[in-house]
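Numbering (full-length UniProt numbering), first residue to last: 1 to 268.
Yeah, the Cβ is synthetic: ideal placement off N, Cα and C, and Gly gets one too.
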Amino acid sequence: MQANTLRSRWPLGMSVNAAMPPNLRQLADDGIDCIEVTWRAPDTLSGAALAECDRVICDAERHGIRVWSLHLPYGDEWDPSSPDDSVRESAVAGLTRLIDFACDRNVRTTVIHPSFEPIAPEAREARLRLASRSLGALARHAAGRGVRLAAECLPRTCLAHSAAEMLALLHDNPELWVCVDVNHLFRESPAAFIRAIGSRLATTHLSDNGGIDEEHRYPGDGIIDWPDVLRALEEVCYDGPAMYEVRGHTPDRVRANWNSLLHSKEVE
């Protein structure tokens, strides 16, 4: 497949922090097609925090950049797998409000962490059941509003650290989608994870690591087999963006790095 075909199928995106947004006009000038908006304000549901997010969404649209996704907050108080009923119910209520916020602003994909950590091995099965129940309720609500809820694969002791666990979450929740963060996968290759998830893949987070823990390096500055990742995305007919989630990113460097990845795919 030629690079220009890949380019047309997979728009180039960047993760943007609503509390510290970049110059969105510069993003547009450097060929960034879309963004994922994320923020972790301690008072995420406050009027001020939501206004920050609103400003980024409006500014992006003004410069012709699509707001592809909203990354929902995460942490102990946002954990949909929490064994504390009151914490879990509060998290689901808050996440529901943010899904509605995304819908009202025509953002059609939301990304959620299935858990926080640490999770002890003996608690894992019960936490997976709790996460599945919460994610199912949230995904059904999102689908009813025309929004996709995408569960992100996570590292270390978090839930959904493997294709097997992600598939368990998907099994009883047909409305749930997946965000593959290739930098979070250590129990199988990112390409193997993508092939296992198949058509339930809604979006991506692209970055690299040295093989021990997440690092959010630029693709190619680590151990991930990027030609195989791109082949796997083609095989499952992925049609979302190439969403970069790297540290210290600038739009010109993201564009140059993506062009380099496309070139490496061509020569395979």
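Check                                                                                                                                                                  : Outcome
Between which two residues does the alpha helix (DSSP H) holding I197 run?                                                                                             : P190 to I197
Can you list, in chain order, the residues of its chain with a C-beta nearer than 8 Å to that of R25? Leave out the 5 residues immediately preceding and following it. : H63
Counting only runs that start and end within the segment 147-188, where is the beta strand (DSSP E) found for 3 or more residues in a row?                             : 148-152 and 176-181
Once you ignore the five residues that flank R148 on each side, which residues in its own chain have a CB closer than 6 Å to its CB?                                   : T109, W177 and A202
Determine the burial state of C237: buried for a count of at least 16 other Cβ atoms within 10 Å of its Cβ, exposed for fewer.                                         : exposed
Counting pairs of beta carbons, one from the segment 79-94 and one from the segment 106-125, are three or more of them closer than 8 Å?                                : yes
Using DSSP's beta-bridge definition, name the partner residues of H71.                                                                                                 : T38 and V111
Three or more C-beta pairs under 8 Å: does that hold for the segment 232-246 against the segment 201-216?                                                              : yes
So the candidates are I119, T250, C153 and A137; which of them puts its Cα closest to the Cα of R97?                                                                   : A137
Would you decide whether C58 is buried or exposed? Buried here means 16 or more other CB atoms lie within 10 Å of its CB.                                              : exposed
By Cβ distance, which residues of its chain are closer than 7 Å to N259, with the 5 residues on each side in sequence left out?                                        : none
Are the segment 12-27 and the segment 243-250 in contact at 8 Å, needing three or more beta carbon pairs?                                                              : yes
Is the separation between the beta-carbon of D213 and that of F186 shorter than 9 Å?                                                                                   : yes
Whose C-beta lies closer than 8 Å to the C-beta of V267 among residues of the same chain, with five residues either side of it excluded?                               : At V267 the pLDDT is 39, less than 50, meaning the model places this residue with poor confidence and gives no usable figure here.
To the nearest angstrom, report how far apart V87 and L262 are at their CA atoms.                                                                                      : 44 Å
From M1 to S264, what distance separates their C-alpha atoms?                                                                                                          : With a pLDDT of 47 at M1, under the threshold of 50, the modelled position of this residue cannot be trusted, and the question is left open.
Tell me which same chain residues have a C-beta within less than 6 Å of the C-beta of G222, skipping the five on either side of it?                                    : D208, N209 and G210
Put V246 into one of helix, strand or coil per three-state DSSP.                                                                                                       : coil
Measure the alpha-carbon distance for C158 versus L169 and round it to whole angstroms.                                                                                : 13 Å
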